[in-house]
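Number of protein chains: 2
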Amino acid sequence: MRTRTLVVTGLLVLGLGWTAGRAVGPASRPAADAKAVADQAFEGFRQGLATGNWDAWFATLSDDFTFWFPTGKYAGQHQGKAQAIEFYKYVSTAFPGGIRITEVLRRSGGASTFVYEFRDEGTLRGEPYKNRVAVSFDVCGDRICGYREYFGSDGKTN
Amino acid sequence: MRTRTLVVTGLLVLGLGWTAGRAVGPASRPAADAKAVADQAFEGFRQGLATGNWDAWFATLSDDFTFWFPTGKYAGQHQGKAQAIEFYKYVSTAFPGGIRITEVLRRSGGASTFVYEFRDEGTLRGEPYKNRVAVSFDVCGDRICGYREYFGSDGKTN
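Chains as they are written, first to last, in our numbering: chain U, 1156 to 1313; chain C, 1156 to 1313.
As structure tokens, this is what we get:
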């Protein structure tokens, strides 16, 4: 019990310390909560990719959400939840059968940024598609306020 | 001073707890050390990109180092330090003037995996090159044992 108390104390102090060191939004929370927010958001994201129903993901996004995407119509930096909603719906039109995350390779992060590396596959406009992807979430309070996506292949191998 | 002591204690306890929870190689160390190993390795990596002198980076790699690269001759998964040495030297032949990391966007990680997101630029076989990149390092003891690279653009924007 003594060890457990120390761990919890450590987490709280670390969380407050790290949060104080950088702006992470109006409702900053300790790191332990940020990880839970990110993990829950990732499940909503996974569901959106697989089914085209992005409601759970959209519910986690802050109004000033920014995102970066590597290629195509939405390549580059974008700002605002409204544009994000357009973007993720657009992804599902390109993959009408959904994109299945077949393996989560790593979950990493510790303060306010969390990175998920995974393999995925689907059918992109009629062609078989496989990729490795890293998505990086910034957590602000109980929302995701930043998203950056990176590709690990040309869409043919994972 | 009291707060500082608590933070340090927290880091040590957290490190031991997290390391105990998963295998990170033969010489497991607390997370605080793993972060230092990763950050030092990243500086060697940055130096290698910029100058073509990869010695500091190579010194951090374990003999069973594995790496994943997204495209080209070395696309996919590879194993072994010897092949890694060939690969990074090959990168420098493609960028004889070096690749400069112009901004580190995020450093994240907390247990044995650390991700660096950055903007870079250089000249690739005579053509201007800009990208966003995420590199993910796995730390085993005092070495880097895994590396996965992901691209945030098609090499034309960052």
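For every residue, glycine included, the Cβ atom is placed at its ideal position computed from N, Cα and C.
#1: Residues in the same chain with beta-carbon distance under 7 Å from G1207 (chain C), minus the five sequence neighbours each way, listed in chain order, please.
#2: Quick one, which of C:L1279, C:F1273, C:T1312 has its alpha-carbon nearest F1197 (chain C)'s?
#3: Let me know if Y1302 (chain U) comes out buried or exposed under the rule of 16 or more other beta-carbons within 10 Å of its beta-carbon.
#4: Buried or exposed: Y1245 (chain U), going by 16 or more other Cβ atoms within 10 Å of its Cβ?
#5: Quick one: does E1272 (chain C) have its CB under 7 Å from some CB of chain U?
#6: Against A1230 (chain C), what residues of chain U qualify as contacts under a CB-to-CB distance less than 8 Å, listed in chain order?
#7: Among U:A1239, U:R1261, U:V1192, which residue has its Cα nearest to the Cα of F1224 (chain U)?
#8: What is the residue span of the beta strand (DSSP E) that Y1284 (chain U) lies within?
#9: Alpha carbon to alpha carbon, how far is A1205 (chain C) from P1251 (chain C)?
#10: Anything in chain C within Cβ reach of F1269 (chain U), meaning under 8 Å, just list it in chain order.
#11: Going along the chain, which unbroken runs of the beta strand (DSSP E) with 3 or more residues stay wholly within the stretch 1191-1265 of chain U?
#12: In chain C, which residues lie less than 9 Å from S1291 (chain U) when you measure between Cβ atoms?
Let me spell this out:
#1: Exclusion of the five residues before and after G1207 (chain C) leaves S1247, G1253 as the residues of its chain whose Cβ lies within less than 7 Å of its Cβ.
#2: The candidate whose alpha carbon is nearest that of F1197 (chain C) is C:F1273.
#3: Buried: at least 16 other Cβ atoms inside 10 Å.
#4: That one is exposed.
#5: Yes, E1272 (chain C) lies at the interface with chain U (some Cβ there is under 7 Å from its Cβ).
#6: Per Cβ cutoff of 8 Å: S1308, D1309, T1312.
#7: It is U:A1239.
#8: Here the beta strand (DSSP E) through Y1284 (chain U) covers 1282-1295.
#9: When rounded, the distance between both Cα atoms is 9 Å.
#10: What F1269 (chain U) touches in chain C: S1263.
#11: Runs found: 1216-1224, 1231-1234, 1254-1264.
#12: For S1291 (chain U), the residues of chain C that pass the 9 Å Cβ criterion are L1260, R1261, S1263, V1270, E1272, A1289, in the order they occur in the chain.
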